[in-house]
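A.B. asks: Handing you this structure, nothing more for now.
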Amino acid sequence: MPKNDNMLAILWMLSSSKKITAKQIAEKLELNIRTVYRYIDSLSASGVPIISDSGHNGGYSLINEFHQAPLVFDIEEKKHFSMQLLMQRTQAIRLVMF
């Protein structure tokens with residue numbers, strides 16, 4: 030999976046669970062644990078409020094008040110993202126226009 034997809038998957042895991050360890054993330058995404066640490070550092074550096082608890086019951090979580098902003102794109106941005114997806118994927122993608 031591309032880096033951005035992995036980082037979004039990590040963000041999704043952090044937002045949908047109370048606490049998750051780097052080992053659990055690495056196993057679910059089939060990544061090296063050091064890669065997980067780098068991705069978490071990148072997310073933190075980009076402003077995502079990640080809490081890191083060490084120790085026996087440690088793990089990563091998001092600050093309770095953190096809410097992801099809804100993504101709203103204009104038609105040109107949607108076209109651009111669609112083209113990027115088409116170029117990255119080797120399998121057929123169905124585009125559905127609403």
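Residues 30 to 127 (the numbering used here) are what the sequence shown spells out, left to right.
Glycine included, every Cβ here is placed at the ideal spot set by N, Cα and C.
Is it right to say Ile62 is buried, meaning 16 or more other beta carbons lie within 10 angstroms of its own, or is it exposed?
C.D. replies: Exposed, because fewer than 16 other Cβ atoms sit within 10 Å of the Cβ of Ile62.
A.B. asks: Determine the DSSP secondary structure at Leu91, reduced to helix, strand or coil.
C.D. replies: In the structure shown, Leu91 sits in a strand (DSSP, three-state: E or B).
A.B. asks: In the DSSP output, what is Ile49 paired with across the bridge?
C.D. replies: In the DSSP output, where bridge partners are listed per residue, Ile49 has Tyr89.
A.B. asks: Provide the residue(s) that pair with Asp103 in DSSP beta bridges, ordered along the chain.
C.D. replies: In DSSP, Asp103 forms no bridge with anything.
A.B. asks: Using alpha carbons as the reference points, say which of Asn33, Ala38, Lys52 lies closest to Asn86.
C.D. replies: Nearest option by C-alpha distance: Lys52.
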